[in-house]
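For reference, the structure is listed below as structure tokens.
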Amino acid sequence: MSTVGRPAGPARATTEVVLTAALELLLSEGLGALTAQRLHQATGVSRSTIYRHWETPTRVLEALIDVAPPPPHPTSGDPVADAHAEVDLFCDRLRDKPVAAFLQALLAADDSALKLRQRYVDGIAAPFRRRAEEAGLDGEQVDDAVAAIVAPLVLDALVARGDADRARAHRAVDRHLHAPDGSPTAP
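Start counting the sequence shown at 1; every next residue gets the next number (UniProt numbering).
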């Protein structure tokens with residue numbers, strides 16, 4: 001038995017073409033380029049198809065986030081060493097533009113992007129949160145450690161628009177994931 005009407009979503013090839021172009025446009029031109037008209041110009045996919053499946057720039061961002069491959073998360077069993085590796089990975093992702101471009105676009109988006117913005121930031125913080133918990137921190141200690149490590153890096157990328165200060169982030173890891181005597185906070 002066949003169904004009548006339009007399929008629930010775009011064909012896989014259409015999705016790939018549109019989202020590949022959307023990422024390139026986002027990185028080169030910013031959020032304003034994620035319109036149906038601009039995506040049509042870049043891909044040849046009809047404006048109506050684009051609008052039907054990605055009706056706003058926020059929906060395009062959401063689709064890009066949904067298909068983004070998760071970054072590797074190193075695990076050596078030492079939460080401090082792993083947090084240092086996470087810092088380096090995150091700084092590379094900020095420097096190489098995708099994360100910073102997504103953050104800039106999410107900040108530029110209207111209030112319809114609030115939940116998506118929070119989801120993206122939670123995803124950025126998750127590996128640092130995991131490392132802090134592995135180091136034996138809990139509750140506010142975890143929140144404070146994550147904020148001390150991640151927030152300055154994001155500020156560097158978004159406000160200063162420069163390279164994130166890795167050394168400062170590494171010092172924050174050492175300060176927050178070690179006991180006052182310098183020993184790791186967890187065995």
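We put the CB at the ideal spot given by N, CA and C, even for glycine. Note that this is a predicted model, so its numbers are computed, not measured.
Identity of the residue in the options nearest residue i by Cα
i      : options                       : result
Lys97  : His178, Ser28, Glu134         : Ser28
Leu31  : Lys115, Asp110, Asp143, Ala85 : Asp110
Arg131 : Gln118, His176, Val60         : His176
Thr49  : Thr14, Thr20, Leu26, Ser76    : Thr14
Ile124 : Thr20, Phe102, Thr35          : Phe102
Arg166 : Leu116, Val60, Cys91          : Cys91
Leu94  : Arg171, Ala36, Gly162         : Gly162
Residues sharing a beta bridge with residue i, DSSP
i     : result
His40 : Its beta-bridge partners do not exist; DSSP assigns none.
Per-residue burial, residue i [other beta carbons within 10 Å of its own, 16 or more giving buried]
i      : result
Val159 : exposed
Ala100 : buried
Leu114 : exposed
Glu55  : exposed
Pro69  : exposed
His73  : exposed
Glu134 : buried
Asp82  : buried
Val67  : exposed
Ala36  : buried
Supposed close pair residue i, residue j - CB separation, criterion 8 Å
i      : j      : result
Leu155 : Ala169 : About 11 Å; that fails the 8 Å criterion.
- prompt: For the segment 63-100, which segments carrying the beta strand (DSSP E) assignment without a break, of at least 3 residues, lie completely within its bounds, in sequence order?
  reply: none
query: What residue ranges within the segment 111-173 form continuous beta strand (DSSP E) runs of no fewer than 3 residues, ordered along the chain?
result: none
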